[in-house]
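In my numbering, the protein residues as written are 1004 to 1129. For each residue, glycine too, the CB sits at the ideal point set by N, CA and C. Only a predicted model underlies this, so the values are computations on that prediction, with no experimental measurement involved.
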Amino acid sequence: MNDGAEPPNLKLAELLRHPEDLEKLPALRAELTRKKAAVDSQLRVGLAEQLSITQAGMTSISAAQQTVNIIKDEMMKIDKLCAEAQNMIRDFPQINLVAQIHRNFEQVEVMKSAIDTFATNLEELE
1004 MNDGAEPPNL
1014 KLAELLRHPE
1024 DLEKLPALRA
1034 ELTRKKAAVD
1044 SQLRVGLAEQ
1054 LSITQAGMTS
1064 ISAAQQTVNI
1074 IKDEMMKIDK
1084 LCAEAQNMIR
1094 DFPQINLVAQ
1104 IHRNFEQVEV
1114 MKSAIDTFAT
1124 NLEELE
């Protein structure tokens, strides 16, 4: 039996070239039935493995989706608490503005310090 690419008619004609070959039919049939059963068994095992892998993947995706939903709910709670805290402080907009001005002032001081030391750094490099 060849590589399996030949049509069944040619294979059968090759196996049954002589009238005596008809006596081999029961043995050939038994061999082909055994091979078919082996292939069917391999296919069932492969299918079971693929099904198991697919089910595990679906379970993993479902668990990840639940985790994402939990995180989303927690983030919404945090956002709500933050908004409530801001509303509790009557002067929050002014405090926030002063804090922003302070951060900007600190950045200006860092830039001024960098400019002041620029000449010294340049001399060191030369």
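Pick helix, strand or coil for residue i, following the three-state DSSP scheme.
| i | result |
| --- | --- |
| PRO1010 | coil |
| LEU1128 | helix |
| ARG1020 | coil |
| THR1120 | coil |
| ASP1094 | coil |
Round the Cβ separation of residue i and residue j to the nearest angstrom and send it over; I've been treating them as touching at under 8 Å.
| i | j | result |
| --- | --- | --- |
| LEU1018 | ASP1024 | 6 Å |
| GLN1103 | PHE1095 | About 12 Å; that fails the 8 Å criterion. |
By Cβ distance below 7 Å, which residues in the same chain neighbour residue i in space, the five residues on each side in sequence not counted?
| i | result |
| --- | --- |
| MET1004 | Only weak support exists for where MET1004 lies, its pLDDT of 46 falling under 50; the value from the coordinates is given anyway. Cβ neighbours of MET1004 beyond the five flanking positions: LYS1014. |
Which residues in the same chain as residue i place their Cβ atom closer than 8 Å to its Cβ, once the five residues preceding and following it in sequence are excluded?
| i | result |
| --- | --- |
| LEU1031 | LEU1018 |
Quiz item: Of all the alpha helix (DSSP H) runs that stay within the bounds of the stretch 1052-1092, which reach a length of 4 or more residues?
Solution: none
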